[in-house]
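One structure is given here, and the rest of the page talks about it.
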Amino acid sequence: MILKNKSILITGSATGIGEAMARLFHAQGANVVIHGKEISDVRRVSKDLGDRVLERTDDLSDSQSPQNLIAATVDAFGGLDGLVNNAAMITRKDLDSSTPDIFNYDFSVNTRAPLFLIKSALPHLEKAEGNILNIGSINSYCGERNLLIYSMTKGALLTMTRNLGDTLHRENGVCVNQFNLGWVLSPNEIKSKIAEGLPKDWPQKVPPNLAPCGRILLPEEIARIALPWVSGETRPVSGSVIDIEQFPVIGRNPIKE
Numbered sequence: 018m019i020l021k022n023k024s025i026l027i028t029g030s031a032t033g034i035g036e037a038m039a040r041l042f043h044a045q046g047a048n049v050v051i052h053g054k055e056i057s058d059v060r061r062v063s064k065d066l067g068d069r070v071l072e073r074t075d076d077l078s079d080s081q082s083p084q085n086l087i088a089a090t091v092d093a094f095g096g097l098d099g100l101v102n103n104a105a106m107i108t109r110k111d112l113d114s115s116t117p118d119i120f121n122y123d124f125s126v127n128t129r130a131p132l133f134l135i136k137s138a139l140p141h142l143e144k145a146e147g148n149i150l151n152i153g154s155i156n157s158y159c160g161e162r163n164l165l166i167y168s169m170t171k172g173a174l175l176t177m178t179r180n181l182g183d184t185l186h187r188e189n190g191v192c193v194n195q196f197n198l199g200w201v202l203s204p205n206e207i208k209s210k211i212a213e214g215l216p217k218d219w220p221q222k223v224p225p226n227l228a229p230c231g232r233i234l235l236p237e238e239i240a241r242i243a244l245p246w247v248s249g250e251t252r253p254v255s256g257s258v259i260d261i262e263q264f265p266v267i268g269r270n271p272i273k274e
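Going left to right, the sequence shown walks through residues 18 to 274 as this note's numbering numbers them.
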């Protein structure tokens with residue numbers, strides 16, 4: 018168990034990709050924080066895992082939440098070895114429908130919270146020679162029309178990862194890296210696409226150019242890929258942004274029918 022006696026905080030770990038990470042990391046021996054917006058989701062995962070868990074429902078749009086969440090984690094487990102900034106708001110708006118309130122809220126959760134979680138966690142991660150994994154998106158390079166602000170938040174996260182991946186590794190011994198995720202079949206993604214008008218069986222009808230293996234990525238696959246980055250097996254790599262998709266994201270020519 019490569020995470021035995023390690024303490025890992027994963028934001029947004031009560032559902033989807035974060036939940037898959039929490040379950041895998043716990044199975045690998047870690048103490049894990051189950052964090053989410055809904056207490057029912059948090060308790061569902063916590064009950065399944067049993068011991069070595071901490072339940073938290075901190076609202077990451079609150080500027081005090083990062084400090085409180087790190088303090089609670091350290092109080093519960095005695096330290097912190099890994100931080101995964103996974104939680105994010107995905108607001109589907111284009112330029113015409115964007116508002117200052119949406120902009121401020123999405124940036125507070127997707128960009129400000131990860132920054133100040135890292136700031137609060139740094140003394141503890143430095144002591145543990147710990148690791149940070151930020152969960153970004155391939156939308157950070159451009160993004161879809163109706164994901165304008167979300168894509169901007171992930172672009173800012175990418176810059177933060179590269180900046181801190183250099184500084185914190187060199188000055189504090191903490192590695193910072195990022196996954197830019199492609200299309201992942203999370204429960205929220207299933208619901209969102211149905212709400213947009215796709216049929217209930219849409220995951221079985223994804224075009225081959227978007228899913229060469231016959232389906233899109235699964236949360237459990239992301240968790241398995243993340244494990245060595247959070248455990249430290251990939252050290253001393255830092256400041257890297259890795260695209261997680263079934264095809265090259267940058268420079269791919271459109272498929273010609």
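Think of the CB as a built atom: it goes at the ideal place given N, C-alpha and C, for glycine as much as any other residue.
Contact set for residue i: own chain, Cβ-Cβ below 6 Å, skip 5 residues either direction
i: residue 182; result: 193, 255 and 256
i: residue 242; result: none
i: residue 195; result: 151, 153, 178 and 258
i: residue 141; result: 91, 96 and 97
i: residue 105; result: 127
Distance between residue j and residue i (C-alpha atoms, nearest Å)
i: residue 216; j: residue 152; result: 28 Å
i: residue 51; j: residue 93; result: 12 Å
i: residue 22; j: residue 129; result: 29 Å
i: residue 95; j: residue 218; result: 46 Å
i: residue 211; j: residue 161; result: 17 Å
i: residue 123; j: residue 44; result: 32 Å
i: residue 239; j: residue 228; result: 15 Å
i: residue 97; j: residue 214; result: 43 Å
i: residue 100; j: residue 155; result: 21 Å
i: residue 57; j: residue 72; result: 11 Å
i: residue 173; j: residue 82; result: 20 Å
i: residue 120; j: residue 175; result: 18 Å
i: residue 143; j: residue 245; result: 18 Å
i: residue 205; j: residue 30; result: 13 Å
i: residue 63; j: residue 25; result: 14 Å
i: residue 40; j: residue 28; result: 13 Å
i: residue 134; j: residue 169; result: 19 Å
i: residue 276; j: residue 209; result: Outside the displayed span of the chain (18 to 274) sits residue 276, for which this structure offers no information.
i: residue 108; j: residue 54; result: 16 Å
i: residue 188; j: residue 146; result: 12 Å
i: residue 20; j: residue 224; result: 38 Å
i: residue 222; j: residue 230; result: 12 Å
Sheet register partners of residue i (DSSP bridge)
i: residue 195; result: 151 and 258
i: residue 201; result: 234
i: residue 164; result: 110
Range covered by the beta strand (DSSP E) that runs through residue i
i: residue 27; result: 24-27
i: residue 72; result: 70-73
Cut-off 7 Å between Cβ atoms - residues of its own chain near residue i, not counting five sequence neighbours on either side
i: residue 203; result: 33, 34 and 236
i: residue 165; result: 110, 111, 112 and 115
i: residue 78; result: 122, 125 and 126
Own chain partners of residue i with C-beta closer than 8 Å, once the 5 adjacent residues on each side are dropped
i: residue 220; result: 202, 207, 232 and 233
i: residue 85; result: 75
i: residue 69; result: 43, 47, 48 and 49
Bounding residues of the alpha helix (DSSP H) (the contiguous stretch that carries residue i)
i: residue 102; result: Segment 99-102 is the beta strand (DSSP E) holding residue 102; no alpha helix (DSSP H) there.
i: residue 85; result: 82-94
i: residue 66; result: 56-66
Residue i in three-state terms, based on DSSP
i: residue 48; result: strand
i: residue 128; result: helix
i: residue 5; result: With the chain represented from 18 up to 274, any question about residue 5 goes unanswered, as that position is not in the structure.
i: residue 181; result: helix
i: residue 76; result: coil
i: residue 213; result: coil
i: residue 144; result: helix
i: residue 245; result: helix
i: residue 226; result: coil
i: residue 137; result: helix
i: residue 218; result: coil
Test: residue i CB closer than 8 Å to a CB of chain D
i: residue 176; result: Looking at the structure shown, chain D is missing, and only one protein chain is on hand.
Residue i Cβ short of 7 Å to the ligand HEM heavy atom set
i: residue 158; result: Annotation note on the ligand HEM: not contained in the displayed structure, which lists no ligands.
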